[in-house]
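*Asks:*
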Amino acid sequence: MARVLFLVANDWYFWCHRMSLAVGIQKAGHEVTVVTPEGEYTKHFEAAGLRYLPIAMNRQGRNPLQDLGTVARLVKLYRNERPDLTHHVAIKPIIYGSMAAKAAGVRAVVNAMPGMGYVFLNKELLSRMIRPGVKLSYRMLLNRPGSCTILQNPDDVETWVKWRVMRRDRIQLIRGAGVDTRAFAPTPEPEGPPLVVLPARLLRDKGVLEFVEAARRLKAKGVQARFALVGEGDYGNPASVTADEVAGWVAEGVVESFGWRDDMATVIREAHAVCLPSYGEGLPKALLEAASSGRPLVATDVPGCREIARNGENALTVPPRDASALTAALERIVTDPSLRARLGARGREMVLAEFSQETVLAQTLALYDRLLRERR
Numbered sequence: 101m102a103r104v105l106f107l108v109a110n111d112w113y114f115w116c117h118r119m120s121l122a123v124g125i126q127k128a129g130h131e132v133t134v135v136t137p138e139g140e141y142t143k144h145f146e147a148a149g150l151r152y153l154p155i156a157m158n159r160q161g162r163n164p165l166q167d168l169g170t171v172a173r174l175v176k177l178y179r180n181e182r183p184d185l186t187h188h189v190a191i192k193p194i195i196y197g198s199m200a201a202k203a204a205g206v207r208a209v210v211n212a213m214p215g216m217g218y219v220f221l222n223k224e225l226l227s228r229m230i231r232p233g234v235k236l237s238y239r240m241l242l243n244r245p246g247s248c249t250i251l252q253n254p255d256d257v258e259t260w261v262k263w264r265v266m267r268r269d270r271i272q273l274i275r276g277a278g279v280d281t282r283a284f285a286p287t288p289e290p291e292g293p294p295l296v297v298l299p300a301r302l303l304r305d306k307g308v309l310e311f312v313e314a315a316r317r318l319k320a321k322g323v324q325a326r327f328a329l330v331g332e333g334d335y336g337n338p339a340s341v342t343a344d345e346v347a348g349w350v351a352e353g354v355v356e357s358f359g360w361r362d363d364m365a366t367v368i369r370e371a372h373a374v375c376l377p378s379y380g381e382g383l384p385k386a387l388l389e390a391a392s393s394g395r396p397l398v399a400t401d402v403p404g405c406r407e408i409a410r411n412g413e414n415a416l417t418v419p420p421r422d423a424s425a426l427t428a429a430l431e432r433i434v435t436d437p438s439l440r441a442r443l444g445a446r447g448r449e450m451v452l453a454e455f456s457q458e459t460v461l462a463q464t465l466a467l468y469d470r471l472l473r474e475r476r
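Taking the numbering used here, the leading residue of the sequence shown gets 101, the next gets one more, and so forth.
1) Going by the DSSP bridge assignment, what does P154 pair with across the sheet?
2) With respect to the beta strand (DSSP E) encompassing H188, which residues constitute its N-terminal and C-terminal limits?
3) Considering P299, what are the terminal residues of the beta strand (DSSP E) in which it resides?
4) So, are the CB atoms of P396 and A373 less than 9 Å apart?
5) As a quick exercise: from G331, R282, K306 and R410, pick the residue whose alpha carbon is nearest that of P377.
6) Does the Cβ of P72 have 16 or more other Cβ atoms within 10 Å, making it buried, or fewer, making it exposed?
7) In the DSSP assignment, find the alpha helix (DSSP H) that holds V219 and state where it starts and stops.
8) Straight-line CA distance for G322 to L387?
9) Quick check on D256: buried or exposed, where buried means 16 or more other Cβ atoms within 10 Å of its Cβ?
10) If I follow the unbroken alpha helix (DSSP H) through M213, where does it start and stop?
11) Roughly how many angstroms lie between the CA atoms of A212 and R264, to the nearest whole one?
12) DSSP three-state label for G382, please.
13) Where does H284 sit, in a helix, a strand or coil, going by DSSP?
14) How would you call A109, buried or exposed, if buried means at least 16 neighbouring beta carbons within 10 angstroms?
15) Return the CA-CA distance between P290 and S438, expressed in angstroms with no decimal places.
16) I need the straight-line Cα distance from N253 to R406, nearest angstrom please.
17) Using 8 Å as the threshold, is the segment 418-433 in touch with the segment 277-292, meaning 3 or more CB pairs across them?
18) Put F327 into one of helix, strand or coil per three-state DSSP.
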């Protein structure tokens, strides 16, 4: 049995994307502690049988003194808790957690990178200025013995290796966090006009603007369909759309806004198709859950999305930032029930074969075992 500590900068993110994995790891015989800032979802951790410790961490802050304080708190926490392995998720926990783990003498470190992240996807000047520092931090922290970085798609693996940021032998490809195929099971399409949902944080790099424009064009053309945004803005993120923008689109009659929902299985059952025209992902959980539920996908042909959205098999794929191509693909999906049925059935087969929670848990436990033996 090993003492495993998860560090995540957002309680909701852990609950949504990693809690099932952590519960599985604990059931496999390890002792799991979860460390996140306090929030409305932390109550679910102990209810699921996981030990929880709060920590102050600002995932969007850019104050160096504040960040040094976070590292100092983590060093103290790691020394007190003495975990055998720490599992850090996303950019700030990876950097600060790896620094603290090195200072505290943690035996093994797993760094889970859900995607390239805003700094590397965005083309703004500030992002370009920050990139060299992030690359240098990764290069210094992610290649030490006993450390391994989980990447979710082969494109990201090749990118980091090409940039000489990560060594290939310090990378493990594990595609996503796994899908609960029982909770996300196929159901018949609902009656009524076809509904296409975009479930995501409402960020520009999720393709929200292209989705709204495609809906606008199809509505103007008289296509009988509904289009809905499922999520809210991430207002600390520079790429976030504003609440006023969403309200304007709803008032225009272009899209509906379902707001934040934590019952995604219900949302997907009520939809006829799921759309994610993102500019880049790790491996999007929304598309995995939709495919598991037997719903067809409309997505961009970009790293992460293309792992689960395969054109002509279970999805229609389009280039990123292309509202015209997205309009054409959405029109095909909403007007062709037989196409939706064929794509949806194939998606379910793919998830069962490649993306189940059981598959991801087994791969993660094998990685833990290898790293702990490496540092015995």
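Cβ coordinates follow ideal geometry from the N, Cα and C atoms, glycine included.
Fair warning: this is a prediction, and the values are worked out from it, not measured in the lab.
*Replies:* Straight from the coordinates:
1) Here residue 154 refers to the residue found at position 54 when the sequence shown is read from its first residue. The partner list for P154 (beta bridge, DSSP) reads T136.
2) As a position in the sequence shown, residue 188 is number 88, starting the count at 1. Secondary structure note for H188: its beta strand (DSSP E) is the uninterrupted segment L185 to V189.
3) Numbered from its first residue, the sequence shown carries residue 299 at position 199. Where P299 is concerned, the enclosing beta strand (DSSP E) stretches over L295 to P299.
4) Position 296 of the sequence shown holds residue 396. Position 273 of the sequence shown holds residue 373. Yes; because the gap between Cβ atoms is below 9 Å, this pair is in contact.
5) What you label residue 377 is simply residue 277 of the sequence shown in a count that begins at 1. Selection G331, R282, K306 and R410 evaluated against P377 yields K306 as nearest (Cα-Cα).
6) The structure shown does not extend to residue 72, since the chain is modelled only from 101 through 476, so no value can be given for it.
7) Within the sequence shown, the letter at position 119 stands for residue 219. Secondary structure note for V219: its alpha helix (DSSP H) is the uninterrupted segment Y218 to L221.
8) On the sequence shown, residue 322 is found 222 positions in, with the first residue counted as 1. On the sequence shown, residue 387 is found 287 positions in, with the first residue counted as 1. For G322 and L387, the gap between their C-alpha atoms comes out near 27 Å.
9) Here residue 256 refers to the residue found at position 156 when the sequence shown is read from its first residue. By the 10 Å Cβ count, D256 comes out buried.
10) In the sequence shown, the residue the question calls residue 213 occupies position 113. Looking at the DSSP string, M213 is not in any alpha helix (DSSP H); the run it does join, the beta strand (DSSP E), is A208 to M213.
11) Counting from one through the sequence shown, the residue named residue 212 turns up at place 112. Counting from one through the sequence shown, the residue named residue 264 turns up at place 164. If I take the Cα positions, the gap works out to 18 Å.
12) Numbered from 1 along the sequence shown, position 282 holds the residue referred to as residue 382. Note: G382 maps to coil in three-state DSSP.
13) On the sequence shown, residue 284 is found 184 positions in, with the first residue counted as 1. It is worth fixing the name first, because residue 284 is Phe in this sequence and not His. Three-state DSSP puts F284 in coil, outside helix and strand.
14) Counting from 1 along the sequence shown, the entry for residue 109 is found at position 9. Under this definition A109 is a buried residue.
15) The residue labelled residue 290 in the question sits at position 190 within the sequence shown. The residue labelled residue 438 in the question sits at position 338 within the sequence shown. In this structure, the CA atom of P290 is about 14 Å from the CA atom of S438.
16) Against the sequence shown, residue 253 aligns to sequence position 153. Against the sequence shown, residue 406 aligns to sequence position 306. Cα-Cα distance, rounded: 9 Å.
17) By the criterion of at least three beta-carbon pairs nearer than 8 Å, the segment 418-433 is not in contact with the segment 277-292.
18) The count along the sequence shown starts at 1 and reaches residue 327 at position 227. F327 sits in a strand when the DSSP states are folded into three classes.
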